[in-house]
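Residue numbering for the sequence shown follows the numbering used here, beginning at -19 and increasing consecutively. Only one structure is covered here, and it is reproduced in the block below.
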Amino acid sequence: MVHTPESSVPSFVAELVRAANEIERLTPSEVRKLLFRAITTVGDLREQVGIPASGTGHDAIVGLNAVADHIERQSNEQMSAALLEAADLVRTLWVVLDSGVEIITIFRN
-19 MVHTPESSVP
-9 SFVAELVRAA
1 NEIERLTPSE
11 VRKLLFRAIT
21 TVGDLREQVG
31 IPASGTGHDA
41 IVGLNAVADH
51 IERQSNEQMS
61 AALLEAADLV
71 RTLWVVLDSG
81 VEIITIFRN
C-alpha cells in the first residue's frame, strides 16, 4: 500500500479542479495523465479507508478509466466532467480517511 502524503491530496484535488476549469489549455494526453493519477490515488485511498473496488460498470473508476482510454474521442465538456468527478472522488475519500471513520464491508451472496 502506498501512503498518500497528507499535503499532496488537497493540492492534487485543486490541480484537478483547475485543469477542469481550464480544459481548453490542456492536451488530451495531459488530461489522460491526470485521470490515471486520479485513478491510482482513488485506489490507494480506497485501500486505506477499507473500501474494495467493485470492478463493475457501476464503479466510478471504471468510467474514469474508459474516458482516459478513449480521451481522443472526448469533448472538452466530457474531459472537464471526468476531471471534476475524479476530484470529487479523491476529496471525498480524503475526508473519510482524515476523519478516522472505520469502514467495514459485508459481502452477501
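Note that CB positions come from ideal geometry on N, CA and C, so glycine has one too.
Where Val81 is concerned, there is no enclosing alpha helix (DSSP H), because DSSP gives it neither an H nor an E.
The residues Ala0, Ile3, in chain order, have a CB closer than 6 Å to that of Ser60 in the same chain once the five nearest residues on each side in sequence are set aside. Beyond the five residues adjoining it in sequence on each side, Gly23 comes within less than 8 Å, by CB distance, of Ala33, Ile41 in the same chain, given in chain order. Around the C-beta of Arg12, 16 or more other C-beta atoms lie within 10 Å, and the residue is accordingly described as buried. Taking all protein chains in view, the Cβ of Thr21 is crowded by 16 or more other Cβ atoms within 10 Å, so the residue is classified as buried.
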